[in-house]
Structure formats: structure tokens, C-alpha cells
């Protein structure tokens, strides 16, 4: 399968899950702000946020399976799984640092600074993994190549 066919397939799979992800955003935001605004960490809000994150994790896992099926090389599959795991971990870290900073007050803005640093390091790790992936399987698209302007039908 060529690189262009892989980009088309991965992008179309991502578009199919985007609707469900956007519908899941409302309860996620509701649960996060509910836990931030409550006097104590309300268990229902936290359980709702964890439930939403679990469903999003399942969506990321499904997208990871779609992408790993496109290559036959074991090292490439490992790199793809690690890269997608880092993307999800950075998303969770950003949400948790944002919620924690709002809950503690803006005087603890250093939490966002630490999160920004970790996200930058994670972004650089993802770039390095994309470079290794292109060395192992040149036909597999990098993460930044999977976008609408690269889709050709």
C-alpha cells in the first residue's frame, strides 16, 4: 500500500471518530468544570471525567489498531503504538494540569508551566519517533502528514 493510500485511509478513519469525540467533549467539559467548581472533589464529577477519558482512550486504541494494520514490520508497529500513546498521554496531562491549576487558583500557574514543558518534550519525542518510523517504513505517513490537505481521492 502506498503512502498516499495510507494517508487517505487513516484520515477517513479519524473523521469517522471525530463526530463521536466531539459529542463526548460536552460531558467531559461538564465533569471537569463541575469538579473544579465544587467545594471538594465530588466523586460523580471525577468518575464522569474518568469515564469520558476511558472512552477517549478506547477511541485512540481503535485508531492505533487501524494504523498498525497498515504495516507489516514489528518495529514500525511498536513505534506507531508508542507515538499514539504519547499523543493521548499529552492530552490527558494537559486536561489534568488545566483542571488542577483552576482548582488551586492561578497562583499555582507553575503547574501549567510544567505541563507546557512536558508537552514540548512529548512533542519532540513524537517527532523523533516519526523520523525513526520513516527510516523503518518509508511508506508510512508521519503524524503531521495525516491532514485534509494531503488527502487525495
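Residue numbers (the numbering used here): 1 to 153. For glycine and all other residues, C-beta sits at the position ideal for the given N, C-alpha and C.
The C-alpha of residue 146 is placed about 6 Å away from the C-alpha of residue 11. Across the structure, residue 83 and residue 130 are spaced so that their CA atoms are roughly 8 Å apart. In this structure, residue 60 keeps its C-beta atom at 7 Å or more from the C-beta atom of residue 98.
Residue 49 counts as buried, since at least 16 other C-beta atoms from the protein chains shown sit within 10 angstroms of its C-beta. Contact annotation: residue 126 and residue 75 have beta-carbon atoms that are not nearer than 7 Å. Inside the stretch 58-121, DSSP marks whole alpha helix (DSSP H) runs of 4 or more residues at positions 74-104, from first to last along the chain. At the C-beta level, residue 16 and residue 141 stay beyond 7 Å of one another.
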